[in-house]
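**Student:**
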Amino acid sequence: MLLFRSVVGKLWMTILLLVSVVLIVLTILLLQFFQHFHTEQAENQLMDHALLISSLLENEEAGDTALKMSLNISETYSTKAVLITEEEHYWLTAVDEPEHDLPISVFREDRDLSRVLAGETIVTQGNFSLPTNGQADSDVLMVVGIPVELASGGTGALFLYQSLEGVEKATNQTKNIILLSAGIAIVLTTIFAFFLTTRITSPLRKMRSASLEVAKGNFQMKVPILTNDEIGLLAIAFNRMARTLNTNLNALNQEKEQLSRILSSMADGVITLDREGSVMVTNPPANEFISAWLYEQGYEVEESGELPKELQELFDLVVKEEREQMGEVDVQGRSWVILMTPLYDQQDVRGAVAVLRDMTEERLHDKLRKDFIANVSHELRTPISMLQGYSEAIIDGIAATEEEKLELVQIIYDESLRMGRLVNELLDLARMEAGHIQLNTEPMNTPEFCERVLRKFQGVAKDHGIKLISAIQEVEQNIHGDEDRIEQVLTNLIDNAIRHTSEDGSVTLRVEPYHNGVKIDVKDTGSGIPEEDLPFVFERFYKADKARTRGRSGTGLGLAIVKNIVEAHHGKVSAHSKLGEGTTFSVFLPYISE
């Protein structure tokens, strides 16, 4: 059944049926033609013999010789001849087998044959009864009858007849030859049709195999071009199509990969939604947002395909109003701004694309900016108020003696210095954060440098009853840094440690090699920093509890300056502290080549 469903089977059956129909029609026509031809030939032969015998019988000079010649003619061509005159009849053929001869009565009584006696010429076929072993038997005979005028002056009728068995034999032989030829033609047609269809469909089968390979993604598959006909042109077109598909697919893959990389590298989150609001495409920031929302709602990532409520509301508005919408949502302490735009499929909205931007840093910067203004105002308000108050006291003459005036002027001078330090530190911090810090780096002998800085604080520490401890180790390799800036770092840290350490406490300066650099620790035995305040100690205007500063409060910018200077040297600074046990500030400075 598979053969007849294939192109080979269909072409083969079509050619075979077409040739078979042609051969059948041709065989029928040929059989009819040859049957008629043999019958006509037999009729013409009998008529020719009859005319020849008639001419002999009508010749006056022939006499008895005419009868003998007629007898020879009829015997030669296996025919029987009967001459009937008005008084008698003559057999012109051998009478050895009288049982195969027609009785004379048949010629006189038969309606068609009797017309010859009346002077007509006839040619007829029919079943005539023959006497065989005393029984009547019928045979199909062809009879030709013509009137004859005898040389003796009388008239008669000449009948020639023969059996159609010879005609049937000739017809059967012709039929057998035609059928054999038709059979051979069908066999040859079958072989030729199968060969032809195989030749035609072989390239098609190769194209089918190549098409399956192309469907699997093998665009390098080529169909061999064996001919220059339509099938060859089809193979050329197929190969060209495969090359074009390969080119277009590569272009699409490159474009898809480029879009994927763009989405993956975007700092903003991107979510593409279909018409039903289902998530189709996301990038890493969007996945982070969705995961944070699911965690906040108590879902596992695999358990829910829901959108955040705010995102779903924006999507509904986008589909309803067919214009972009904007919103903001807080998830896990981070602030996200969402801009959602409709996607169109010709005229209808087929979905939406949402862009999510993490605005936490911007919101924090806004808060820091407001806090900065508030802190600066707070820090400047106290010295300005004191300057204003003591200046008014001098102007109003409240200070009666010179000693009182000098005391007020000293206070005004100290507060002005304090304001100057605050302004200078603010300017330094602003330059550092803007990246305008200038470092004059040079090789530094770290142990010697740290010993020199530590000696500067011996007097201050002694005044406050604090013990300075040196735990400085030898460092084989020098670091490259700006001595003034690093001295500013150590000065801030040691000064803070002394100010936050109670009497009879200690401050330790430890220096040691650490990985590819030097680690400097400033450790005190003061009251420590609360755990909740540790993350903010390096922010601007952070100050410890006033009760632990013994009235020597700073500006709150020192540790922020320390952090910027250390990071400018590609280092790191950190703080570790426990309430009641003290604080340790650690500075790591790497070796930096010149």
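In terms of my numbering, the sequence shown opens at residue 764 and continues consecutively.
C-beta atoms are modelled at their ideal positions from N, C-alpha and C, and glycine is treated no differently.
For a test of the three-state rule: what should DSSP assign to Arg-1006, helix, strand or coil?
**Tutor:** Note: Arg-1006 maps to helix in three-state DSSP.
**Student:** Can you give me the start and stop residues for the alpha helix (DSSP H) that Tyr-1058 sits inside?
**Tutor:** Its alpha helix (DSSP H) spans residues 1047-1060.
**Student:** Buried or exposed, going by whether 16 or more other CB atoms sit within 10 Å of the CB of Phe-796?
**Tutor:** When all chains shown are included, Phe-796 counts as exposed.
**Student:** Using a Cβ-Cβ cut-off of 7 Å (strictly less than) and excluding sequence neighbours within five positions of Phe-957, which residues of its own chain qualify?
**Tutor:** Excluding sequence neighbours, Phe-957 sits near Trp-775.
**Student:** For Tyr-924, count neighbouring C-beta atoms within 10 Å of its own C-beta (all shown protein chains included) and say buried if the count is 16 or more, exposed if not.
**Tutor:** Classification of Tyr-924: buried, given that the 10 Å Cβ count is 16 or more.
**Student:** Could you give the residue range of the beta strand (DSSP E) that holds Gly-1114?
**Tutor:** Run containing Gly-1114: 1111-1121, per the beta strand (DSSP E) assignment.
**Student:** Around the C-beta of Thr-777, are 16 or more other C-beta atoms found within 10 angstroms, so that it is buried, or is it exposed?
**Tutor:** Classification for Thr-777: exposed.
**Student:** Given this structure, state the Cα-to-Cα distance separating Asn-1050 from Ser-1027, to the nearest angstrom.
**Tutor:** Taking the straight line from one Cα to the other gives about 11 Å.
**Student:** Can you grab the Cα-Cα spacing for the pair Glu-881 / Leu-942, in whole Å?
**Tutor:** According to the sequence as given, residue 881 is Ala; it is not Glu. Roughly 46 Å between the two C-alpha positions.
**Student:** With distances taken Cα to Cα, identify the nearest neighbour of Thr-953 among Tyr-1176, Leu-781, Lys-1225, Val-1116.
**Tutor:** Nearest of Tyr-1176, Leu-781, Lys-1225, Val-1116 to Thr-953, Cα basis: Leu-781.
**Student:** Alpha carbons only, please: which of Val-1081, Pro-1105, Glu-1073 is nearest the one belonging to Ser-1098?
**Tutor:** Of Val-1081, Pro-1105, Glu-1073, the residue nearest in Cα terms is Glu-1073.
**Student:** Give every residue of the same chain whose Cβ lies closer than 7 Å to the Cβ of Leu-794, excluding the five residues on either side of it in the sequence, and list them in chain order.
**Tutor:** These residues qualify, in order along the chain: Lys-938, Ile-941.
**Student:** Any contact of the region 1165-1180 with the region 1235-1251, i.e. 3+ C-beta pairs under 8 Å?
**Tutor:** No, the region 1165-1180 is not in contact with the region 1235-1251.
**Student:** State the CB to CB distance for the pair Leu-1102 and Met-1122, rounded to an integer number of angstroms; the pair is presumed to be in contact (CB under 8 Å).
**Tutor:** With a Cβ gap of about 12 Å, Leu-1102 and Met-1122 do not count as contacting.
**Student:** If you follow the alpha helix (DSSP H) that Gly-1090 is in, where does it begin and where does it stop?
**Tutor:** Per DSSP, Gly-1090 belongs to no alpha helix (DSSP H); it is in the beta strand (DSSP E), 1088-1094.
**Student:** Give the single residue among Pro-1353, Glu-1214, Leu-1297, Phe-1301 whose Cα lies nearest to the Cα of His-1339.
**Tutor:** With distances taken between Cα atoms, His-1339 lies closest to Leu-1297.
**Student:** Please state whether DSSP places Pro-1071 in a helix, a strand or coil.
**Tutor:** Pro-1071 falls in the coil class under three-state DSSP.
**Student:** State the Cα-Cα distance for the pair Arg-1181 and Asp-1226, rounded to the nearest angstrom.
**Tutor:** Approximately 22 Å between the Cα atoms of the pair.
**Student:** Would you grab the beta carbon distance between Thr-1207 and Gly-1244 for me? Rounded to a whole angstrom, and I think it's under 8 Å.
**Tutor:** One point to set straight first is that residue 1207 is Met, not Thr, in the sequence displayed. Going by Cβ atoms, the distance from Met-1207 to Gly-1244 rounds to 5 Å, so yes, they are a contact pair.
**Student:** Report yes if the CB atom of Ile-1249 is closer than 9 Å to the CB atom of Leu-1320, and no otherwise.
**Tutor:** Going by C-beta atoms, Ile-1249 is not nearer than 9 Å to Leu-1320.
**Student:** Please report how far the alpha carbon of Lys-843 lies from the alpha carbon of Asp-811, in whole angstroms.
**Tutor:** Whole-angstrom Cα-Cα distance: 14 Å.
**Student:** Can you tell me whether Leu-792 is helix, strand or coil according to DSSP?
**Tutor:** Helix at Leu-792.
**Student:** Kindly provide the ranges of any beta strand (DSSP E) runs that are 3 or more residues long and lie completely inside the region 1000-1044, ordered along the chain.
**Tutor:** Counting only runs of 3 or more, we get 1032-1037.
**Student:** Taking the C-alpha atoms as reference points, what is the distance between Phe-922 and Ile-947?
**Tutor:** Near 44 Å, if we compare the C-alpha coordinates of Ile-947 and Phe-922.
**Student:** Using alpha carbons as the reference points, say which of Lys-1341, Glu-931, Asp-873 lies closest to Phe-891.
**Tutor:** Residue Asp-873 is the option with its Cα nearest to Phe-891.
**Student:** With DSSP as the reference, please indicate the residues paired to Arg-1273 in a beta bridge.
**Tutor:** Note: Arg-1273 sits in a beta bridge opposite Ala-1234, Asp-1284.
**Student:** Look at the Cβ atom of Val-1325, then the Cβ atom of Phe-1301, and state whether they are nearer than 9 Å.
**Tutor:** Cβ distance < 9 Å, so Val-1325 and Phe-1301 count as in contact.
**Student:** Quick check: does the Cβ of Glu-1020 come within less than 8 Å of any heavy atom belonging to the ligand ZN?
**Tutor:** Here there are no bound small molecules, and the ligand ZN is not part of this structure.
**Student:** With distances taken between CB atoms, is the gap from Leu-1036 to Gly-1096 smaller than 9 Å?
**Tutor:** No, the pair does not count as a contact, with Cβ atoms beyond the cut-off.
**Student:** So, is Met-905 buried or exposed, given that buried needs 16 or more other C-beta atoms within 10 angstroms?
**Tutor:** By the 10 Å Cβ count, Met-905 comes out buried.
**Student:** Given Asn-1255, which residues of its chain have a CB within under 6 Å of its CB, disregarding the five upstream and five downstream residues?
**Tutor:** Hits under 6 Å: Gly-1321, Val-1325.
**Student:** Residues in its own chain within less than 7 Å of Asp-1308 by CB, not counting five upstream and five downstream?
**Tutor:** Confidence at Asp-1308 is low in this model, with a pLDDT of 49, below 50, so its placement is unreliable and no value can be given for it.
**Student:** Grouping DSSP H, G and I as helix and E and B as strand, with all else coil, what is Pro-1293?
**Tutor:** It is coil, neither helix nor strand.
**Student:** Can the beta-carbon of Thr-884 be found closer than 9 Å to that of Ile-909?
**Tutor:** Yes, the Cβ-Cβ distance between Thr-884 and Ile-909 is below 9 Å.
**Student:** Short of 8 Å in beta carbon distance, which residues of its chain neighbour Tyr-1277, apart from the five on each side in sequence? Order them along the chain.
**Tutor:** Excluding positions up to five away in sequence, the list reads Phe-1351.
**Student:** Starting from the C-beta of Lys-1019, find all residues in its chain whose C-beta is less than 7 Å away, skip the five residues before and the five after it, and write them out in chain order.
**Tutor:** Same-chain partners within the cutoff: there are none.
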